[in-house]
Every structure is written in C-alpha cells, then in structure tokens.
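Chemist:
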Amino acid sequence: DASCEWEPEPYTEVNIYPPSQEGNPGVESEPYQVTIINYSEETITYTITASVPSGWSYRLDSQQEIEKIIGPGQSFEIPLRVRPPEGTPSGEYDIPVTAQNEYSGFGTAKYVVPNQPPYKPTPSDGNGVSWDHCSVQALSLPTFRWNYSDPEGNPQAGYQIRIDDDIPATPEFTDSKDSLSHSYTPSSTSWGNWMHWNTDYWWMVKVKDNQGNWSDWSDPTQFSSPLHAAPWPDFSLLK
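Be aware that the sequence shown starts at 815, since it is given in my numbering, and climbs by one per residue.
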C-alpha cells in the first residue's frame, strides 16, 4: 500500500532578545541579539533589514541591510542597535526585523522611551528680568521669567533658582518652590538683606514637571541691579 508522509511547510523564524529594552533619546541602545533560523531543506539567501520610527537610526552590526546565506536547519545571529533622536516623546515603540526571501520571517522588538524631563528653560523677554521700584521703599524687587517646554507636554510643577555675583565672599541667593508659575519674585526681606546696588549678577533656573523629572539648569544670564534706590514720595503733612 502507498503511504503518505506529512512534510512540514518550510519557514523562517526570527527571534529577538531581549524582547524589550528601555533607553533615552539621543543614546544608542544596547544590542538586541537577532537570530535567523532557516527551517527548510534548502540553502537560502536572506536580506535582513529592520524598520524604525521616522527620524530614528539603526544598524545591523554596522550596516542597515545584511545579505546572508543560511543552510538548511542552520541559524545566523547578528546584533541590532537603535537610536531614537533627541526630543523623542515617551512611549513604547515597535522595531520590526525582517529576514526576506521566498520563506520570509518576521520578528518585532520593543523599545521603551521613559518619560523625559522638561527642556532646559530659557529666559523670556531678553534676560528675563524686570524690576519693581515702587512697591517697597528704598528697595527694587526683580522678577525672573522663563520659558517652559516639555517633550510630552507635561506641566511645570516646581522650580529652583540661583542668583550670584561671582564674588567668592558672597553666598548665592537660592530658592525653590512647588509652583506652576514660570516666574519668581523674591521676598522683600530676603532680597533686601542680600542684594547690592549697582552690581552685576547672573541668574539661572531649573524646572520640574508633574512626573518629578528635573530639567538641566538654564544657561547663566547676566543682569545688573539699579544704581541706587528709586525716589520715594513723602506725603506726611507739614504743620
């Protein structure tokens, strides 16, 4: 009697390890290990490529495309590295890998970009400093304003500010607040005890988003205190 034997369909398997990684924008990932397995009875030439989101880069070993001949039942391993660009929002991204031929195989890795800190703040309106000369007698109070931006659009939740004159004997003026405000005005008491008239200073600020991530410090920005106290009217009655 004639007998029939079932023969499995030839196919290609693509395995990727680890299946998921986490990394930051602008930094190349640790390597994934991509394994291509030829489950057929033929020697096959594969074209191996990966696909990444727009703006990303990748390399299979040192190339973007690899051609490899793999014998029946044999396998081939190659490292894959990816690099998301600066400013990539947080999220989980798919990285498909294809070993293409008549028995094409596919595999997908995950790359997770964690929540990113706010961008480094910049002063608003020139050097970001405006003055109130009239609210407190014999004192001018500055207000420092900055521009806030976050890759995910998360709001500001706090800030730290530093002010100094580069004179070693003078301590820095520092303050921090949990606040949505993109401006800071020191109290009249603390500022009045610290500042000097007609003095060059610099200020810098760093900001925190509502996920607890801190930005880098802003670049130091120069400003000068007024030459002297503003005139103060005296409305006392003369007798």
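Glycine included, each C-beta is placed from N, C-alpha and C at the ideal position.
These numbers come from a predicted model, not from an experiment.
Can you tell me which of Asp979, Asp978, Ser1004 and Tyr973 puts its alpha carbon nearest to the alpha carbon of Ser993?
Modeler: The option with the nearest alpha carbon to Ser993 is Tyr973.
Chemist: Mapping DSSP to helix, strand and coil, what is Trp1016?
Modeler: Note: Trp1016 maps to strand in three-state DSSP.
Chemist: Is it buried or exposed for Asp964, if we count other Cβ within 10 angstroms and need 16 for buried?
Modeler: Its Cβ being crowded by 16 or more others within 10 Å, Asp964 is buried.
Chemist: Just the C-alpha distance for Ile977 and Trp1017, rounded to the nearest angstrom, thanks.
Modeler: The straight-line gap from Cα to Cα measures roughly 4 Å.
Chemist: Pick out whichever of Thr826, Tyr831 and Gly940 has its Cα sitting closest to the Cα of Phe958.
Modeler: Among Thr826, Tyr831 and Gly940, the Cα nearest to that of Phe958 belongs to Gly940.
Chemist: Do Gly919 and Val828 have their C-beta atoms within less than 7 Å of each other?
Modeler: Yes; because the gap between Cβ atoms is below 7 Å, this pair is in contact.
Chemist: Could you give the distance in angstroms between the alpha-carbon of Pro956 and the alpha-carbon of Ile975?
Modeler: Using only the alpha carbons, I get a separation of about 13 Å.
Chemist: Using beta-carbon positions only, say whether Val866 and Tyr872 come within less than 7 Å of one another.
Modeler: Result yes, Cβ atoms of Val866 and Tyr872 sit closer than 7 Å.
Chemist: Below 8 Å, how does it come out for the segment 939–954 and the segment 872–892: are there three or more Cβ pairs, yes or no?
Modeler: The answer is no - the segment 872–892 does not touch the segment 939–954, with fewer than three Cβ pairs under 8 Å.
Chemist: Could you say if the segment 1029–1038 and the segment 991–1006 meet the contact criterion of at least three C-beta pairs nearer than 8 Å?
Modeler: In short, these stretches do not touch, since the Cβ pair count stays below three.
Chemist: Of all the options Gln951, Asp875, Gly869 and Pro839, which has the alpha carbon lying nearest to the alpha carbon of Pro845?
Modeler: When only C-alpha atoms are compared, the closest one is Asp875.
Chemist: Spatial neighbours of His1042 within its chain, please: CB distance less than 6 Å, with the 5 preceding and 5 following residues excluded, ordered by chain position.
Modeler: Correct list, in chain order: Trp1011.
Chemist: Any idea if Ser854 is buried or exposed, counting beta-carbon neighbours within 10 angstroms, 16 or more meaning buried?
Modeler: So Ser854 ends up on the buried side.
Chemist: Spatial neighbours of Phe987 within its chain, please: CB distance less than 6 Å, with the 5 preceding and 5 following residues excluded, ordered by chain position.
Modeler: The residues are Ile977 and Trp1008.
Chemist: For Ser1004, does the three-state DSSP call read helix, strand or coil?
Modeler: In this structure, Ser1004 counts as helix in the three-state DSSP scheme.
Chemist: What residues are listed by DSSP as bridge partners for Tyr872?
Modeler: Val896, per the DSSP bridge assignment.
Chemist: Please name the residue, chosen from Ile909, Asn915 and Pro932, that lies closest to Val926 on a Cα-to-Cα basis.
Modeler: Nearest option by C-alpha distance: Ile909.
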